[in-house]
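Here the protein sequences come in this chain order: A and V. Under this note's numbering, think of the first position of the first sequence as 4, with each following residue one higher. Under this note's numbering, think of the first position of the second sequence as 4, with each following residue one higher. One structure below.
Number of protein chains: 2
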Amino acid sequence: MSYIYFDQAASSFPKPEKVGQAVLEAITEYGANPGRGGHSLAVRANDVIFTARKKLAEMFGEKNPANVCFYMNATQALNQAIQGIQFEAGDHVISTSFEHNSVRRPLERVKDTKGISISYIQPDVDGKRLFELFENEINERTKAIIVSHGSNVTGTILPIEKIGQIAKAHNLLFIVDASQTAGVLPIDMKEMNIDVLAFPGHKGLMGPQGTGVLIVGDHVDLVPLIYGGTGSHSEDVGQPQKRPERYESGTLNTPGIAGLLAGIEEINRIGLRKIYEHEAELTSYCLNRLNEIEGIYILGPDGNTNRLAVISFTIEGIDIHEAAMILDQHYQIGVRSGLHCSPLAHSLIGTNEIGAIRVSFGLYNTIEEVERFIEAVKEIKSFF
Amino acid sequence: MSYIYFDQAASSFPKPEKVGQAVLEAITEYGANPGRGGHSLAVRANDVIFTARKKLAEMFGEKNPANVCFYMNATQALNQAIQGIQFEAGDHVISTSFEHNSVRRPLERVKDTKGISISYIQPDVDGKRLFELFENEINERTKAIIVSHGSNVTGTILPIEKIGQIAKAHNLLFIVDASQTAGVLPIDMKEMNIDVLAFPGHKGLMGPQGTGVLIVGDHVDLVPLIYGGTGSHSEDVGQPQKRPERYESGTLNTPGIAGLLAGIEEINRIGLRKIYEHEAELTSYCLNRLNEIEGIYILGPDGNTNRLAVISFTIEGIDIHEAAMILDQHYQIGVRSGLHCSPLAHSLIGTNEIGAIRVSFGLYNTIEEVERFIEAVKEIKSFF
């Protein structure tokens, strides 16, 4: 019985075959340091990295590939974004209670060190009410809106285009964490007025772990978080102004970026619409089938709403960690149990004490796998 | 004619075959998010990462594997170390003019933001005089000594054991950048009184790019640089105290770390002494042969001194970048030209304006390759 992987929201698996091949090729054929020497191997590494920047810029509506910066993961990218904002004491930021700790913890850090204040909006309301909530929180010291495009707990999608309009109208910096949506939903920084966009390479974009991206709009001047060798302007004692060097110090993860490039190419080949529709079909089917089982409590929106392929639920009378363990050990189905690094989201929906089981679907999951999962949940429920 | 790669100080190449295999295996067989779920794939990813921590701890004389933290590169590790020190305004740090920008730029950043002062010692002197230089700079506000174990420009090795004794005697934090020496020279944090050790995975340790390591001694309390999800303690608004989570946020580069583990195992199999002796033989041979050519000016120590397999030189009457290009294009030999991210070192040795050509050797380079390089340099010299 083959293993079913339903933890796609943490890291997508399996990857397209070309991803592993591209990584291996980088390691075995041109394992040189990109941008650190003009010899042939370094040039080839550099070419691959530049192509990846270019494809990512195109994909996310950014004109200048030099504004695409690579990190180890989305968390580092978000830290560069959030810790890099030139705040003054008393400045104010609006975020949401859906944020992952990769947004919340850097925000709280900046609150402590720079004396900013933060409003966390509860975004589980209809569009119109949501926009009012944002508008109501804006004051003269508000400097930025920072939101997750989609919740990694409930699958809720935030209307970032409209939130971007609000940000623009009030001249606020708009930062979006697309950790759950990059490679699934269309995102256009220009059209959506997004100033800074962060996302991982290893989730929806199908790249390997060890890759995260920050796209920093031309007009946004972030203070660098990491200082070091940039392969050029070595004589400057400070970090160079030139991008991407300003926000990228040290050797890049060339093999990882080569793999990410292969992932992006596969995503482009299939098309976002097809990917979203496939995941929506699995999600809708799973939600409907789960709803048939007594004692299953599902968090977040139903299957008729636009939502991500992430479903969190509890089973009455069964410890979530035990259920997840049985699913793994007995049924060979990998799911997550816990708070998923997003305590505020759980606090909001009343599962902060117990957490939830989370299943998340991806490109290569099938209806048959969802069906096997449903049967497993039914069996587990019947044992208790 | 096969390509000769003499840029090992930037990134080692080729890697042991097992490194690429281990990376590919991680991507294709257990591409899950380590520490982010108890399912089988995540457990396997976690096991590989724990084993890598354990082997690295053993290799560098650290008792607790949880003190081994992973980053994208040594630069990020060094930033965590240097920016993480709890400085007060007026504190003082001693470093050297050999430092790479990955040490110098974070130090200068901390100088600007926290108001510390920095003394850069010129370490190109004999042992006894060097220790005097350190002793002379220490004052009552001195808090740390931060040095590179070996220069990436001249190949000079610093006597870190003795410097560690000085640090200990004065109760100073001792931070070592082992970017050029990890995997080549023995380093024991305990014996050498090293409090914090940083190094890349992709140089001497033969891992893939995208890997850097910081080992933080038990007694050292650094302020985290990156904040975010840690897969545990999700309910805390702050970064957890527990290590390595405290210093590692977001998804780790599992494939990269799997590759690094394979690299370490290969280094352990061969043994550091054998690796150093092989590299020393190539270096000594190359230095002797270069010295026979008129108009070659070699920077740094000669072949009779303990030194690293890094040789920087200029050729009288020939632009270094042009020479490097000819070596690459015509002779298929990859070398570096420029300042190598270490302007202070060049400033010290009088090559700040022109830079130098650098060749650096590794595990798999051969005397025959060095000989082909020498013949090429002779030919180039004869053309001009």
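We put the beta carbon where it would ideally sit given N, CA and C, even for glycine. Predicted model only: the values in this text are computed from it and were never measured.
- For Ala265 of chain V, the enclosing alpha helix (DSSP H) covers residues Thr257 to Ile273.
- For Phe316 of chain A, the enclosing beta strand (DSSP E) has its first and last residue at Val313 to Ile318.
- Interface flag for Met328 of chain A against chain V is set, since a Cβ pair is found closer than 8 Å.
- In terms of Cβ geometry, Ile169 of chain A and Glu143 of chain A do not form a close pair [threshold 8 Å].
- For Val26 of chain A, the chain V residues whose C-beta falls within less than 9 Å of its own C-beta are Gly23, Val26, Leu27, Ile30, Pro211 and Pro258, listed in chain order.
- Setting aside the 5 residues that flank it on each side, Phe376 of chain A is surrounded in the same chain by Ile336, each with a C-beta closer than 6 Å to its C-beta; the list follows chain order.
- Residues of the region 142 to 163 of chain A that bring their beta carbon within less than 9 Å of a beta carbon in chain V are absent altogether.
- In the three-state scheme derived from DSSP, where H, G and I count as helix and E and B as strand, Gly87 of chain A is classed as helix.
- A residue is called buried when at least 16 other Cβ atoms come within 10 angstroms of its Cβ; Asp180 of chain V meets this threshold and is buried.
- Looking at V:Val373, V:Gly207, V:Leu176 and V:Arg246, the one whose alpha-carbon comes closest to that of Met192 of chain V is V:Leu176.
- Excluding sequence positions up to five before and after Tyr230 of chain V, its CB lies within less than 7 Å of the CB of Gln242 and Ser252, all in the same chain and listed in chain order.
- Our two residues, Ile299 of chain V and Tyr8 of chain V, have alpha carbons roughly 21 Å apart in a direct line.
- Pairing Lys165 of chain A with Gly130 of chain A gives a Cβ-Cβ distance under 8 Å.
- Between the region 53 to 70 of chain A and the region 210 to 220 of chain V, the count of C-beta pairs closer than 8 Å stays below three; the two stretches do not touch.
- Spanning the alpha carbons of Glu372 of chain V and Ser98 of chain V requires a straight line of approximately 36 Å.
- Residues of the region 218 to 230 of chain A with a C-beta atom less than 9 Å from some C-beta of chain V are Pro227, Leu228, Ile229 and Tyr230, listed in chain order.
- Residues of the same chain with a CB within less than 6 Å of the CB of Asp198 of chain V, apart from the 5 flanking positions on each side, are Leu176, Phe177, Gly220 and Val223 in chain order.
- Between Leu81 of chain V and Pro109 of chain V a beta carbon distance of about 6 Å is seen, short of the 8 Å cut, so the two are scored as contacting.
- Leu263 of chain V places its beta carbon less than 8 Å from that of Leu208 of chain V.
- For Ala265 of chain A, the closest of A:Thr233, A:Leu293, A:Lys18 and A:Asp305 by C-alpha to C-alpha distance is A:Lys18.
- Contact of Lys381 of chain A with chain V by beta-carbon distance below 9 Å is absent, the smallest such distance being about 20 Å.
- From the listed residues V:Ser182, V:Phe90 and V:Thr145, the smallest Cα separation to Ser105 of chain V is found for V:Ser182.
- Separation of Gly320 of chain V and Gly158 of chain V (C-alpha to C-alpha, rounded to the nearest whole angstrom) is 24 Å.
- For Thr78 of chain A, same chain residues with a beta-carbon under 6 Å away, outside a window of 5 residues either side, are Ser105 in chain order.
- Between Asp305 of chain V and Leu285 of chain V, the beta carbon gap of about 15 Å keeps them out of contact (Cβ cut-off 8 Å).
- Ser43 of chain A reaches chain V at Tyr6, Asp331, Gln332, Gln335 and Gly337, counting residues in chain order whose Cβ is nearer than 9 Å.
- Scanning its chain for C-beta atoms nearer than 6 Å, with the 5 sequence neighbours on each side dropped, one finds around Ile141 of chain V the residues His173, in chain order.
- Beta-bridge partners assigned by DSSP to Pro227 of chain V: none are found.
- By the neighbour-count criterion, in which a residue is buried when 16 or more other Cβ atoms sit within 10 angstroms of its Cβ, Ser385 of chain A is exposed.
- For Phe53 of chain A, the uninterrupted alpha helix (DSSP H) run begins and ends at Ser43 to Met62, by DSSP.
- Bounds of any alpha helix (DSSP H) do not take in Thr99 of chain A; it lies within the beta strand (DSSP E) bounded by His95 to Thr99.
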